[in-house]
Amino acid sequence: MPPPTPSQTTGPAPSRPTEAFAHPTSSFAPPTNGYGAFGTTAPESAPPASAPPYGTGYPHPGTPAPGSGFPGSGFPGSGGPTSAAPFGSGPPGGGLPPARADRGPRPFGLIGLVLAIVLLIVVIVQGVFLVNLSGDLDDAQAAQTKAETASAKDREDASNLTKRVQSLEERTEGTLNSTAVAKKVLPSVFSVRAGQATGTAFAFATAPGGGTLLITNYHVVDSLVSSGGKNATITRDSETYPVTIEQTDKNRDLAVLKTKAKFTPLKPSEEEVEPGDPVIVVGAPLGLTDTVTTGVVSAIRDDVEGLATRVIQFDAAINPGNSGGPVINAEGEVVGIAQAKIIAEGADGLGLAIPIGEACKGLLSC
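Just so we're aligned: 638 in the working numbering is position 295 of the sequence shown, and the numbers increase by one with no gaps anywhere.
Pasting the structure below:
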């Protein structure tokens, strides 16, 4: 049945819609105005009931209603579609929001670029640092190698020097430096006067309770001891010191003197001398103090008539007054006590000394 014309309606002519609603569940968008609009009332001169209202189904499914346009047209019963909007568009004031425009570049790409640049800078800096560190390490290793080489050379030089010193010591072993030895021992050697007899004595040990113990020959003090005397004197550098006779051993021709003055004791040798060893003899022959003579050990004897002990024979010159003086080795140690000389026509250099070990056998503690 054809739609009513404008003269058949009492209401105003329906306006042409500009847009149609897009509904997500239907292929047709209902008009916003005109017949069949949702929520409106049909005018009094509505078409006969036999005409199907807009929006209802068709008599035959899939067949368009008589006089209608394409499905989804803007007006019911019109000869064709009006200015209907494309499917999916919405009305200006409502419905679904318009499609969102494409977003611009996200900021994460810029941050990643910055981080990559920073990382590259760090890698470059670390590379430069490692190169410099490697160079410093090479320099340190070179310096260490050089130092080790120099140290090895120094050790080699020191070893060679030590060998040379040892060789020199071996060649000069036993050589007597009489000047050095005399300078060392002279302050401990004195001239002794006991009654009318004179001789030599030397400091040997520190006396118990203070003072100094000295050794001389018994025959130097024999006349004083025989007369009951015990007091004697010692002299050095024009200085005289009183002494007392503490012990005597007539058989070994030894006597021990004691003074309250303090002097440096001479050190006894722990080794026995041998023939050929150099010696120095210090004494006061004929009262001449600080007399020094040198020689060598000629022999070690135990067959001298009239002597009860072994004796050291030496060729250093001695004279009356040397009795009781020290016989010193090259190290400045006492090896014997000058005792006598053999006097015979045409004989010379036959001095005798009591080994220092004899004085340590009960007479003194060595």
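Just so you know, even glycine gets a beta-carbon here, dropped at the ideal spot from N, CA and C.
Distance between residue j and residue i (C-alpha atoms, nearest Å)
i      : j      : result
GLY455 : LEU473 : 26 Å
PRO698 : ARG536 : 23 Å
GLY626 : ALA659 : 12 Å
VAL528 : THR632 : 13 Å
GLU617 : LEU504 : 30 Å
GLN487 : SER477 : 15 Å
PHE371 : ILE460 : In this predicted model, PHE371 has a pLDDT of only 43, less than 50, meaning its place in the structure is not dependable enough to derive any value.
ALA495 : SER612 : 40 Å
LEU707 : VAL564 : 18 Å
ASN662 : GLY689 : 16 Å
VAL524 : ASP482 : 56 Å
ASP580 : ASP645 : 37 Å
GLY679 : GLU499 : 43 Å
VAL468 : GLN484 : 24 Å
PHE533 : THR576 : 10 Å
ALA681 : ASN672 : 13 Å
GLY554 : PHE606 : 8 Å
ALA683 : ALA540 : 15 Å
Beta-carbon separation (whole angstroms), residue i vs residue j, contact threshold 8 Å
i      : j      : result
LYS601 : LEU556 : 6 Å
THR637 : SER521 : 5 Å
PHE657 : ALA696 : 6 Å
ILE655 : VAL670 : 7 Å
GLY664 : GLY542 : 6 Å
GLU550 : SER531 : According to the sequence as given, residue 550 is Ala; it is not Glu. That pair is no contact at about 14 Å.
VAL568 : THR591 : 6 Å
One or two residues paired with residue i in a DSSP bridge
i      : result
THR559 : ALA598
THR582 : In the sequence as presented, Thr is not what sits at residue 582; that position holds Glu. Paired residues: ARG579.
ALA548 : LEU556
GLN590 : VAL599
ILE623 : THR637, ILE671
GLY694 : PHE657, LYS684
PRO611 : VAL677
Span of the alpha helix (DSSP H) around residue i
i      : result
GLY700 : 699-702
SER534 : That residue, SER534, is in no alpha helix (DSSP H); its beta strand (DSSP E) goes 532-537.
LYS526 : 521-528
Element boundaries [beta strand (DSSP E), containing residue i]
i      : result
SER641 : 634-644
LYS684 : 677-684
VAL616 : Careful: VAL616 lies outside any beta strand (DSSP E) and carries neither H nor E.
VAL654 : 654-657
VAL670 : 669-671
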